[in-house]
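Chains A and B, in that order, give the protein sequences. Numbering-wise, this note's numbering puts 791 at position 214 of the first sequence, and it's gapless, one number per residue. Numbering-wise, this note's numbering puts 118 at position 91 of the second sequence, and it's gapless, one number per residue. Using N, Cα and C, we set each Cβ at its ideal position, and we do this for glycine too. Every value quoted in this text rests on a predicted model; they were computed, and no experiment measured them. For reference, the structure discussed in these notes is given below.
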Amino acid sequence: MASVNRRVLPGFSLTLGYTVFYLSILVLIPITACFFKAASLSFQEFWHAVWTERARAAYLLTFGAAFVAAIVNLFLGLLLAWVLVRYTFPGKKLVDSLVDLPLALPTAVGGLVYSSLYVQKGWLGQYLVPLGIQGAYSRFAIVLVLVFVGLPFVVRTVQPILEDFDPEAEEASASLGGTRWQTFRNIILPTLYPALITGFALAFARGVGEYGSVVFVSGNMPYKTEIAPILIVARLEEFAYGEATAIAVVLLIISFSMLVLINLLERWSMRYEH
Amino acid sequence: MNTEAAVQKPQAGAAARIQRARQDPTWVRWGLTLVAVAVVGVLVVIPVVNIFVQALSDGVGGYWKNLVADPDTRHSIILTLTVVPIALVANIIFGFMAAWAIARFDFPGRTLLTALIDLPFSVSPVVAGLMFVLIFGLQGYLGSFLREDGYSVMPYLISLLAVGVFILLFFLFRPASPKTRHELWNHPWTVVLVGSAGVFGLLFFLQVHFEVWPRNESLKIIFATPGLVLATAFVTFPFVARELIPVMEAVGPDEELAALSLGASGWQIFRHITVPNIKWGLVYGVILCNARAMGEFGAVYVVSGHIAGQTDTMPLRIEKLFQEYNLPGAFAVASVLTLLAILTLMAKIKLERKVPSRANLSEPKTKEARL
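Spelled out as structure tokens, the structure:
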């Protein structure tokens, strides 16, 4: 750790004070206000807001779609990381940098284009819709756009680990008569587990909070294609602030527990490094 | 000579053997590569191409007209270009402050503070917007006050801001080494207290005396530009700090300590040592922050109130055009944001080569994947 005694370099109280001040104003006070507002509801009101049939359907869809998308990203991410680290092919650098595009592209743009690609007249929809695959205004559409949004996470967590992988372990495995698949399955994959879990958790967390792209592709039908953030907005537009806050608090608590989980996982995955 | 060659030969053989052991069969290599390219093609390339094709479906003239002739679209571009820089500057200042405090000092609660900076990443943007509505909205905690006499806070706010700038300047330009300090500089808290009181009093008097701000008039924060700035700043809050902290930790405090021992002031250390050292990390953080701020949708959606021509930023304008079935218009705005995203990516690749300290950080890629 490159920190020094606080007496030597100037500016400790100034910078720490400002950091805490800005953090409080912009983050801590608003979050407290959110919990405060939820606490002003009676338990009955709170329960009625967060446990309606519509809200339950929304949670299920939010977490279900984010989970499925994260699982898909787990496999796609591993595949992409493997190909980008191990193989050479023309255009590899381009593919490598395109993986980051979903992070840089505004989510609204992603949602807009995905909604128009998979409708019946769209570029991909004209082939898929006749097959009965509705890639727009359906639950599948939500998963699809979440796969797009979460694509970079697993790739970028697995890639550095794979680059650092000790080649001699592979060689040892091969010299002991292991097939290529056995080597991958028993030697390489276990070292990737921590990175895979971290990437999965990041993609999942991103999918749970995602709003901008889903609102374009889902069609927002209550009970069917309505995710929790869309439900919050719907409640806000009815000026039902208490109910909206109650649902928001449920989401906040779940995302905070996920943040703690991610940090624990990261610490666990780094446990041999110090 | 001979022995050397004999030693090298088995090594070369071992390298070849390792190479062979790590090589997948050709059909696996080709198959996986094709699948990977297809995945990126379907998920990323086709959508991006589609954006530009749809945007230009009315021809270049129609594209230009969609972008510039519609006054609401024009206003949304201007609004985005006002909101984003303000939020960006606020977060850059915060990033410097947080990086200096966290990377240069050890204090209790340091880990907690670092974790708190990450908090906005785990809050759904819609919930972030809702928080500000709860505080500043019409039914919010400060709502009735803001509606009746909102502008009465302005003299206090401006004066407090001036006090903050005063304290900042004082600490920056105070000679850091005790040897070069004059009498007055040795009592920082007296100077800060008296000076702050003076600055506050003077500014407050000036503003009240000349009645700069209207009385008994409502100050709009939600459904107006300040709310957009707040929501954008919240969502993009961690980016600059997260980039600067690891870079500053990797550079280490030695050069700054050397400058200090040579009698440099806080500002001189910052200007001549710290900023050049972390320059590329800063640019990198700013680029990521800017991309996210430009494209922010959820948080801004909740606080904007969707007043066309007033509180629609570019992503919100896309949504409105989409709802109005004006797809060429929506795609025209989207293409501008896509161009920006592509530029962001190109700048990011350039910079990744220029930030050498990134290479030896413990987990750089995990961190940057959180845009």
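Test: residue i CB closer than 8 Å to a CB of chain A
i, result
"residue 213 (chain B)", "no"
"residue 58 (chain B)", "no"
"residue 262 (chain B)", "no"
"residue 318 (chain B)", "yes"
"residue 365 (chain B)", "yes"
"residue 108 (chain B)", "no"
"residue 158 (chain B)", "yes"
"residue 324 (chain B)", "yes"
"residue 189 (chain B)", "no"
"residue 172 (chain B)", "no"
"residue 192 (chain B)", "no"
"residue 371 (chain B)", "yes"
"residue 345 (chain B)", "yes"
"residue 98 (chain B)", "no"
Burial state of residue i, where buried means 16 or more other Cβ atoms lie within 10 Å
i, result
"residue 602 (chain A)", "exposed"
"residue 341 (chain B)", "buried"
"residue 650 (chain A)", "buried"
"residue 677 (chain A)", "buried"
"residue 124 (chain B)", "buried"
"residue 709 (chain A)", "exposed"
"residue 720 (chain A)", "buried"
"residue 308 (chain B)", "buried"
"residue 725 (chain A)", "buried"
"residue 596 (chain A)", "buried"
"residue 591 (chain A)", "buried"
"residue 57 (chain B)", "exposed"
"residue 637 (chain A)", "exposed"
"residue 139 (chain B)", "exposed"
Cross-chain neighbours of residue i in chain A, by beta carbon under 9 Å
i, result
"residue 168 (chain B)", "610, 613 and 614"
"residue 300 (chain B)", "Neighbours of residue 300 (chain B) on chain A: none; closest Cβ ~11 Å, over 9 Å."
Where residue i meets chain A, residues with beta-carbon distance less than 8 Å
i, result
"residue 356 (chain B)", "None at all; the shortest Cβ gap to chain A is about 11 Å."
"residue 283 (chain B)", "586"
"residue 198 (chain B)", "587, 588 and 591"
Under 8 Å from the C-beta of residue i: neighbouring residues of chain B
i, result
"residue 757 (chain A)", "51, 52 and 55"
"residue 604 (chain A)", "143, 146, 147, 261 and 264"
Chain B within 8 Å of residue i, Cβ atoms only
i, result
"residue 747 (chain A)", "yes"
"residue 591 (chain A)", "yes"
"residue 707 (chain A)", "no"
"residue 700 (chain A)", "yes"
"residue 835 (chain A)", "yes"
"residue 786 (chain A)", "yes"
"residue 809 (chain A)", "yes"
"residue 659 (chain A)", "yes"
"residue 744 (chain A)", "yes"
"residue 723 (chain A)", "no"
"residue 841 (chain A)", "no"
"residue 642 (chain A)", "no"
"residue 715 (chain A)", "no"
"residue 822 (chain A)", "yes"
"residue 754 (chain A)", "no"
"residue 741 (chain A)", "no"
"residue 789 (chain A)", "yes"
Amino acids of chain A, ordered along the chain, whose beta-carbon sits closer than 7 Å to that of residue i
i, result
"residue 124 (chain B)", "592, 595 and 596"
"residue 321 (chain B)", "683"
"residue 293 (chain B)", "587 and 588"
"residue 329 (chain B)", "810 and 813"
"residue 112 (chain B)", "Simply none; closest approach about 17 Å."
Residue i versus residue j - alpha carbon distance
i, j, result
"residue 47 (chain B)", "residue 53 (chain B)", "12 Å"
"residue 654 (chain A)", "residue 826 (chain A)", "31 Å"
"residue 250 (chain B)", "residue 334 (chain B)", "8 Å"
"residue 606 (chain A)", "residue 164 (chain B)", "15 Å"
"residue 65 (chain B)", "residue 751 (chain A)", "30 Å"
"residue 781 (chain A)", "residue 214 (chain B)", "52 Å"
"residue 150 (chain B)", "residue 829 (chain A)", "6 Å"
"residue 806 (chain A)", "residue 49 (chain B)", "46 Å"
"residue 161 (chain B)", "residue 256 (chain B)", "16 Å"
"residue 763 (chain A)", "residue 841 (chain A)", "25 Å"
"residue 284 (chain B)", "residue 268 (chain B)", "22 Å"
"residue 604 (chain A)", "residue 242 (chain B)", "30 Å"
Proximal chain B residues relative to residue i, where beta-carbon distance stays under 9 Å
i, result
"residue 796 (chain A)", "Going along chain B, no residue has its Cβ under 9 Å from residue 796 (chain A), so there is no contact; the nearest lies around 12 Å."
Beta-carbon neighbours of residue i, restricted to chain B and to distances below 7 Å
i, result
"residue 806 (chain A)", "151, 153 and 325"
Fill in: Contact residues within the segment 126 to 152 of chain B, judged by C-beta distance below 9 Å to chain A
126, 127, 128, 129, 130, 131, 132, 133, 134, 137, 140, 142, 143, 144, 145, 146, 147, 148, 149, 150, 151 and 152
Worksheet item: the segment 57 to 78 of chain B: which residues have C-beta closer than 8 Å to a C-beta of chain C, in chain order?
Response: The structure shown contains no chain C; the protein chains it does contain are A and B.
Practice prompt. Could you list the residues in the segment 243 to 274 of chain B with a C-beta less than 9 Å from some C-beta on chain A, going in chain order?
Written response: 257, 260, 261, 264 and 268
Worksheet item: Just by C-beta distance, which residues in the segment 225 to 239 of chain B are closer than 8 Å to chain A?
Response: none
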